[in-house]
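Just add 101 to the spot in the sequence shown (first one is 1) and you have the working numbering. Note that CB positions come from ideal geometry on N, CA and C, so glycine has one too.
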Amino acid sequence: MTITGNSLNNPQWGGGCQLDIGSLFSGIVSPSCTVNSPSQATATMPGGPSGTVSVFFCSAGSTVCYTQPVSFTYVQASTTTSLTSSLNPSTSGQSVTFTATVTGSSPTGTVQFKDGVSNLGSAVPLAGGTASFTTSSLTSGGHSITAVYSGDSNNTTSTSAPLAQTVNQAATTTSLTSSLNPSQVGQAVTFTATVTSGGGTPTGTVTFKDGATALGSATLAGGGVAALTISSLTLGSHSITAVYGGGASFAASTSPAVIQAVSTPADSLKLRAMQALAAPVVAQNSGAAISGAIDAAISEGFSDGGALVTPSGNGVRFNFAANPDGTPADTAPRSTHPFTSANGSFASTGHGFATQPSPGDNNASTSRVDDAFGALAYASPTKAPPRYVEQRDWLGWAEVRGAVLDRWGTGTGVAGTVPGASMLYGSQVNLIAGLTRRLTPNFLLGVLGGYETFDYRSDALQGRLKGDGWTVGSYLGWKITQTIRFDAALAYSGIGYDGTAGTASGNFSGDRWMVSNGLTGTYQGYGLQIEPSARIYALWERENAYTDSLGTLQTERDFSTGRASAGIKAAYPIAASSTVALAPYLGLYGDYYFNSDNATAAVAASGLPGAVVLDGFSARAIGGVTAKFANGGQIALGTEFGGIGGNASIWIYRARASVPF
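As structure tokens, then:
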């Protein structure tokens, strides 16, 4: 303020001045006072509440004062409040500092920060004209922030202009993990999503997807974690993602894809390996049984006329309608006593074949066996009456054949196989029956039907394949010459399988075609019947697809197998009585087994053994005895040991009966 008067610079003032405010010597003085001239002085008034006060002009020491006061009116200074934000826009959860600056007459007091009409915390005291407030609680969206200065004794209140604060949703990051990768079909897999944010802990839900297909949803729990357990993933590769849907304060986010591999269960793989190992063995044994039964049927169908005893595919055939010396049926038989030197069909002459003896031949006498077989055509040692041989064009027959596979191979411990345990063993039985019709002396046709049952096991795979099936077919025989014949056959089978391996099991069906043909020769010499032969059969089988008990789709399977054989058999006839003839026989054959299977590669890829049991070159030996009765009926018993020199050993047992009519 400016003070005017007279003699303001009187020496008695001591060269200075001060203002007493309110009353003399009140102790309330101005902070500064300067005498500018005898008539003027200037002073600064201290702050005070609004209103009028008395002001006394005094010496510097306040010892001498003008007694006449001057009136002074206090008026509060107006203030201006401004507001700034440390981060705008911000994201939800981020810390933002709002700073209010109040200008006026050295304002003091507090500032209240507001979001719209809502207070943001408590009032903040001014310090140096500024007040600051930090918050991270603003939600996403727009906010109108103001700073309200409450004023003081010297300054009026004031409010800042609204500050438009933009708060965006907090960015999030979603990660995904799998509890088991790769997994197996049907196994439970837990997918865990973790959602993180710099703006706090996200809440809400996470949707798990397999490609574009939703697998399910889970709510975020403590720590922003959500988990989903699922066991319905199918075989193959799956692209799994976790999609966080976001919330009021958090942005949505999607995890990087996790490639989840779902493989076939180990026991399902072992079930497939069991199928691949055992089914071709079933087919091979059935092919050998059907082919052998047809060979015997054709041999027996041509049995009237010709030699009395000849080997056949499954034993030896007896021909009780044969002429003793191969003479036509309408020629009267010999009247010679059968135990004389009759020189019948089995005469040992030194020439190696049955002939009439030449004069002076020292070996002209008939052997005991020759006479014994000749005796079958006679009822007494007296001269027999002329013999009439009835034409028999039909032949009914039946055969049962059992096969036993020795324990083949051992597990190596890879792919879940049991080390040292047998890879495959078991047995099967084929029952076959048929009817043959001889159309001409050199041509015949036949039909057959059959049933098979089998049971094979693998300790190494902890598996088993069993089942049964039926067969129908037809065949033909053609005598190219009196000593060489050709045969061919076609058969169809329907098979039902029941397989298990560990915890996996499944039922499936299949159908099989078989073709066979061969050439067979029949020769005699030195009392033996000798039969060289060459034969081949082939089988094609298709097994239908199925889903096993573990939910694994086992695809359809095609395989082919077969055997080519060549060898020789010899029989030695013995007359057991006047009505029964016996003929023991032995034979040796070389075999080649051939195979093709579309399941082999898949089995090998799984790490399981994919070898074929009956495969490549081997040999087999046969033996047995056949009994023929006077009425034409025949019974044959025999055995066979196969796989000699090969990778598997198999025993065959057979019994056969037939009757002409």
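Between the C-alpha atoms of ILE104 and THR209 there is a straight-line separation of about 29 Å. For the pair ALA592 and GLU642, the Cα-to-Cα distance works out to about 12 Å. When the Cα atoms are used, MET146 and GLY123 turn out to be separated by approximately 12 Å. Beyond the five residues adjoining it in sequence on each side, ALA756 comes within less than 6 Å, by CB distance, of VAL501, LEU738 in the same chain, given in chain order. For GLU401, there is no enclosing beta strand (DSSP E); the enclosing alpha helix (DSSP H) covers residues 367 to 402.
Below 8 Å, too few C-beta pairs join the segment 153 to 161 and the segment 178 to 191 to call them touching: fewer than three.
Rounded to the nearest whole angstrom, the C-alpha separation of SER610 and GLU632 is 39 Å. Secondary structure at ALA228: strand, using DSSP grouped into helix, strand and coil. Listed in chain order, the non-local C-beta contacts of ASN110 below 6 Å within the same chain comprise VAL136, PRO139, local neighbours out to five positions each way being set aside. Note: ALA327 is bridge-paired with ALA294 in the DSSP secondary-structure output. Separation of TYR690 and ASP569 (C-alpha to C-alpha, rounded to the nearest whole angstrom) is 29 Å.
If you keep only unbroken beta strand (DSSP E) runs of at least 3 residues inside the segment 525 to 559, you get 544 to 559. The beta carbons of SER238 and THR273 sit about 18 Å from each other, so the pair does not count as a contact at 8 Å. The alpha carbon of PRO520 has as its nearest neighbour, out of SER369, PHE214, THR320, LEU709, the alpha carbon of LEU709. By the neighbour-count criterion, in which 16 or more other beta carbons inside 10 Å mark a residue as buried, VAL290 falls on the buried side. Residue pairing by DSSP places ILE581 opposite no residue, since no beta bridge is assigned to it. Here the segment 392 to 402 lies against the segment 609 to 627, with 3 or more beta-carbon pairs under 8 Å apart. With the rule of 3 Cβ pairs closer than 8 Å, the segment 379 to 395 counts as touching the segment 494 to 512. In the DSSP assignment, GLY242 falls within the beta strand (DSSP E) that extends over 242 to 250.
Looking from the CA of ALA703, the closest CA among MET375, THR604, VAL176 belongs to MET375. Contact between SER261 and ALA201 holds: CB atoms are separated by about 6 Å, below the 8 Å threshold. By the C-beta density criterion, ASN256 is buried, having at least 16 other C-beta atoms within 10 angstroms. Rounded to the nearest angstrom, the gap between the Cα atoms of ASP507 and LEU370 is 24 Å. THR701 sits in a helix when the DSSP states are folded into three classes. Residue burial is scored here from C-beta neighbours: PRO761 has at least 16 other C-beta atoms within 10 angstroms and is therefore classed as buried.
Straight-line measurement puts the Cα of VAL344 at about 8 Å from the Cα of ALA353.
By the criterion of a C-beta distance shorter than 8 Å, ASN699 is surrounded in its chain by ARG658, ASP659, PHE660, once the five residues flanking it on both sides are discounted. By the neighbour-count criterion, in which a residue is buried when 16 or more other Cβ atoms sit within 10 angstroms of its Cβ, TRP495 is exposed.
With fewer than 16 other CB atoms across the displayed protein chains lying within 10 angstroms of its CB, ILE581 is exposed. Per DSSP, the beta-bridge partners of SER279 are PHE292. Non-local beta-carbon contacts of ALA144 in its own chain, meaning distances under 6 Å to residues more than five positions away in sequence, involve MET102, LEU120, SER131, CYS134 in chain order. Among the bridge pairs identified by DSSP, PRO761 is matched with LEU496.
The C-alpha of THR320 lies about 38 Å from the C-alpha of GLY603. The continuous stretches of beta strand (DSSP E) do not include TYR627, and DSSP gives it neither H nor E. Classified as exposed, LEU654 has fewer than 16 neighbouring CB atoms from the shown chains inside 10 Å of its CB. The residue from ASP216, SER280, VAL218, ASP253 with its alpha-carbon nearest to that of PRO226 is ASP253.
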